[in-house]
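Notes for the one structure printed next.
Residue numbers (the numbering used here), protein chains in the order written: chain A, 1 to 280; chain B, 1 to 470.
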């Protein structure tokens with residue numbers, strides 16, 4: 001059992017939790033993920049690590065309530081426990097040698113992008129962060145990004161906060177204005193990452209994306225997280241989650257992601273009814 | 001008076017048509033009367049050929065004698081001297097190619113039903129034993145075991161019986177490795193595995209779940225924590241795919257994923273949190289025990305039609321005969337001498353958002369014929385040109401083998417592996433690293449539960465010697 005030491009509501013659909021997991025905290029690096037089960041008989045869900053404190057032995061996760069399991073997780077309170085929490089899994093994001101980077105985060109993906117931005121900042125790289133959300137109510141972590149970035153651009157789809165538009169527009173402007181990035185790191189919805197790659201490709205700027213497909217064990221055993229990268233089959237859990245964005249087959253990944261759509265939708269409704277909350 | 005019947009006493013099973021739709025155990029086990037009758041078929045040979053056929057050398061005639069005497073608990077004690085998981089082995093061991101293959105009774109007629117008797121004895125113990133399990137006096141030494149599958153559990157059990165403080169590290173949230181994620185409920189009920197694990201815990205074995213050695217901790221850190229030796233029984237976890245078109249379509253599973261969803265995550269239950277596709281027509285690729293398990297699981301999930309697609313003939317099929325017969329009885333169709341060439345998927349050219357896009361619609365196969373014998377002595381299958389045919393299916397399960405998981409080996413410099421990624425270990429399980437032992441599928445590549453247990457047991461002996469000679 002793993003204790004929830006802190007719970008903070010970041011937006012109506014996004015929650016932060018600090019979990020007491022000293023062994024995971026000791027080894028965790030930006031870009032890696034954990035797998036948790038809320039209850040016995042629960043589903044195993046992968047979540048990328050948002051932060052960690054090796055001294056306190058805590059690991060921070062930030063998750064969006066998108067389905068049954070995340071709704072159940074969100075129903076847990078500070079001081080309560082979750083059944084399982086294992087990690088750190090996957091490879092850490094490579095940061096070595098980069099002097100200037102652009103971090104592009106979308107939605108809850110910004111929570112995963114933040115530790116990467118922090119790490120670059122800590123090693124002295126110049127960090128430009130572009131974070132995008134659908135609307136003002138959903139904006140999270142803006143100040144955290146400002147604290148570790150030389151430049152932070154906030155974008156919203158409807159213009160209710162920051163600038164009106166997509167992250168790709170801001171990224172293109174920065175590149176066109178003469179900013180020279182060693183690497184662009186994009187973390188967010190698949191469609192966003194696909195278009196970030198489409199934006200950087202003509203400029204030939206190395207672009208890394210963080211993939212978050214369906215998985216069970218997170219150690220290479222099930223192969224459920226397979227994606228096609230450069231025409232080859234890769235397992236996101238052990239070969240990733242970071243991949244060269246120019247080589248990822250996003251269309252296929254998007255198609256695979258909705259494999260259990262019906263089941264998940266139904267289960268979510270059931271859980272929401274159970275938790276007496278309305279379905280969006 | 002010896003029972004000279006040439007045939008084994010039949011073990012009752014669930015009716016094939018009924019069991020094909022439920023997850024309850026297929027074989028029902030002997031009654032006390034059946035066990036007594038079958039035990040009388042053992043001639044108690046002096047040279048005990050059966051024992052040499054058992055990877056953990058159970059004293060078979062001795063335990064069968066106890067069954068004849070009606071002292072089933074004593075029979076259990078004989079088995080448990082050599083085996084840490086009797087109820088498991090009585091169910092999943094390939095006895096026909098091990099102990100029973102050596103049985104004198106098998107020369108003329110059928111061998112003694114050793115496996116069935118072992119199962120009876122273990123189940124009897126689990127049902128009736130209420131005494132306390134005696135812990136061995138601690139010897140003050142600590143050993144770490146990586147992986148709680150059959151190799152790890154056997155090693156841990158043997159070391160605990162010798163007085164070692166053993167900690168088993170398991171990556172999953174549940175204990176048992178392939179016994180819980182791989183082998184289905186209808187062949188090995190999970191409460192049986194739980195009971196065997198409880199026995200090990202009562203012996204003093206500590207089990208830590210949610211711990212991935214190679215990630216959460218490295219081998220070197222285990223030594224820093226005071227463990228004097230490490231046994232690696234991490235299994236052969238990485239699923240193989242064929243490298244053909246369409247393997248990333250929705251509805252294509254590795255057998256590992258399909259079975260894990262079902263066995264470990266219980267996705268067959270109505271209220272399960274873990275989803276699984278319930279297909280109408282399923283093709284399982286491969287001919288091993290895992291392929292049989294996957295095919296029979298698909299049937300139980302409600303499939304109308306399940307095919308096994310195997311590139312050689314029935315004779316070469318590597319699965320246990322009993323499993324193949326069970327599968328056939330349940331109505332699974334064998335497409336032998338056939339090999340997949342590509343998997344077909346749905347694609348609506350006019351609507352990218354069509355929800356059916358990307359789901360499997362069929363599998364194209366080609367007919368094969370057997371050519372010359374290859375290095376392994378098996379005749380290798382050759383494609384018959386122009387013989388392609390399509391099976392209309394909505395799910396494909398790849399059960400064509402696994403390779404060892406590189407998580408530990410890649411994180412541990414100094415641990416040598418062979419070309420196939422298997423950890424190199426000698427006949428006692430000793431690896432290239434001082435104090436590190438290994439066994440089971442991590443060393444051999446995919447094999448059987450009992451071979452893994454044998455390796456775990458042998459390594460326990462070697463670890464004992466290693467620590468005592470330090």
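Glycine included, C-beta positions come from ideal geometry on N, C-alpha and C.
Under the three-state DSSP convention, the category residue i falls into
i: residue 279 of chain A; result: Below a pLDDT of 50, predicted positions are generally treated as unreliable, and residue 279 of chain A, at 47, falls in that range; no measurement from the model is reported.
i: residue 244 of chain A; result: strand
i: residue 461 of chain B; result: helix
i: residue 50 of chain B; result: helix
i: residue 30 of chain A; result: coil
i: residue 250 of chain A; result: helix
i: residue 263 of chain A; result: helix
i: residue 164 of chain B; result: coil
i: residue 18 of chain B; result: helix
i: residue 183 of chain B; result: coil
i: residue 505 of chain B; result: Residue 505 of chain B cannot be examined here, being either before or after the span of chain B that is shown, 1 to 470.
i: residue 51 of chain A; result: strand
i: residue 110 of chain A; result: helix
i: residue 12 of chain B; result: coil
i: residue 257 of chain A; result: helix
i: residue 62 of chain B; result: helix
i: residue 339 of chain B; result: strand
i: residue 180 of chain A; result: coil
i: residue 20 of chain A; result: strand
i: residue 25 of chain B; result: coil
i: residue 36 of chain B; result: helix
i: residue 98 of chain B; result: coil
i: residue 84 of chain B; result: coil
i: residue 233 of chain A; result: strand
i: residue 365 of chain B; result: strand
Cβ-Cβ distance between residue i and residue j below 7 Å
i: residue 131 of chain A; j: residue 166 of chain A; result: no
i: residue 181 of chain A; j: residue 100 of chain A; result: yes
i: residue 298 of chain B; j: residue 391 of chain B; result: no
i: residue 472 of chain B; j: residue 42 of chain A; result: No statement about residue 472 of chain B is possible, as the shown extent of chain B runs from 1 to 470 and does not include it.
i: residue 208 of chain A; j: residue 197 of chain A; result: no
i: residue 62 of chain A; j: residue 16 of chain A; result: yes
i: residue 104 of chain A; j: residue 171 of chain A; result: yes
i: residue 2 of chain B; j: residue 40 of chain B; result: yes
i: residue 263 of chain A; j: residue 275 of chain B; result: yes
i: residue 81 of chain A; j: residue 3 of chain A; result: yes
i: residue 110 of chain A; j: residue 30 of chain A; result: no
i: residue 91 of chain B; j: residue 188 of chain B; result: yes
i: residue 363 of chain B; j: residue 396 of chain B; result: yes
i: residue 157 of chain B; j: residue 84 of chain B; result: yes
i: residue 114 of chain A; j: residue 141 of chain A; result: yes
i: residue 213 of chain A; j: residue 236 of chain A; result: yes
Whole-number beta carbon distance between residue j and residue i, since they are thought to touch under 8 Å
i: residue 168 of chain B; j: residue 205 of chain B; result: 6 Å
i: residue 67 of chain B; j: residue 35 of chain B; result: 6 Å
i: residue 399 of chain B; j: residue 422 of chain B; result: Incorrect: roughly 20 Å between the Cβ atoms, too far for contact.
i: residue 263 of chain B; j: residue 184 of chain B; result: 6 Å
i: residue 144 of chain B; j: residue 227 of chain B; result: 4 Å
i: residue 255 of chain A; j: residue 250 of chain B; result: 7 Å
i: residue 129 of chain A; j: residue 145 of chain A; result: 4 Å
i: residue 215 of chain B; j: residue 407 of chain B; result: 6 Å
i: residue 436 of chain B; j: residue 244 of chain B; result: Going by Cβ atoms, the distance from residue 436 of chain B to residue 244 of chain B rounds to 38 Å, so no, they are not a contact pair.
i: residue 165 of chain B; j: residue 141 of chain B; result: 7 Å
i: residue 456 of chain B; j: residue 439 of chain B; result: 5 Å
i: residue 277 of chain B; j: residue 181 of chain B; result: At roughly 18 Å, the Cβ-Cβ gap does not stay under 8 Å, so residue 277 of chain B and residue 181 of chain B are not in contact.
In chain order, each alpha helix (DSSP H) run of at least 4 residues that lies wholly inside the region 101-161 of chain B: 114-128 and 150-161
With three or more C-beta pairs closer than 8 Å as the rule, is the region 88-107 of chain B touching the region 43-56 of chain B? yes
Which complete beta strand (DSSP E) runs does the region 135-177 of chain A hold, if anything under 3 residues is left out? 151-156
Could you tell me whether the region 147-159 of chain B touches the region 197-204 of chain B, where touching means 3 or more Cβ pairs closer than 8 Å? yes
Using 8 Å as the cut-off, can you tell me whether the region 12-25 of chain A makes contact with the region 76-94 of chain A, which would need three or more C-beta pairs spanning the two stretches below that distance? yes
Restricting to runs no shorter than 3 residues, where is the beta strand (DSSP E) found entirely within the region 390-452 of chain B? 395-398 and 436-438
Going residue by residue through the region 294-327 of chain B, where are the continuous beta strand (DSSP E) segments of at least 3 residues, counting only ones entirely within it? Within the region 294-327 of chain B, the complete beta strand (DSSP E) runs of at least 3 residues are 305-309.
Count Cβ pairs between the region 305-313 of chain B and the region 379-394 of chain B that sit closer than 8 Å; are there 3 or more? By the Cβ rule, the region 305-313 of chain B counts as touching the region 379-394 of chain B, because three or more pairs are nearer than 8 Å.
Report the start-end ranges of each beta strand (DSSP E) in the region 205-285 of chain B that is 3 residues or longer and not cut off at the edges. 206-208, 229-232, 252-254 and 281-285
Report the start-end ranges of each alpha helix (DSSP H) in the region 69-127 of chain A that is 4 residues or longer and not cut off at the edges. You should have 109-122.
Check whether the region 223-238 of chain B and the region 358-370 of chain B are in contact - that is, three or more C-beta pairs closer than 8 Å. no
Could you tell me whether the region 13-31 of chain B touches the region 106-123 of chain B, using the rule of 3 or more Cβ pairs below 8 Å? yes
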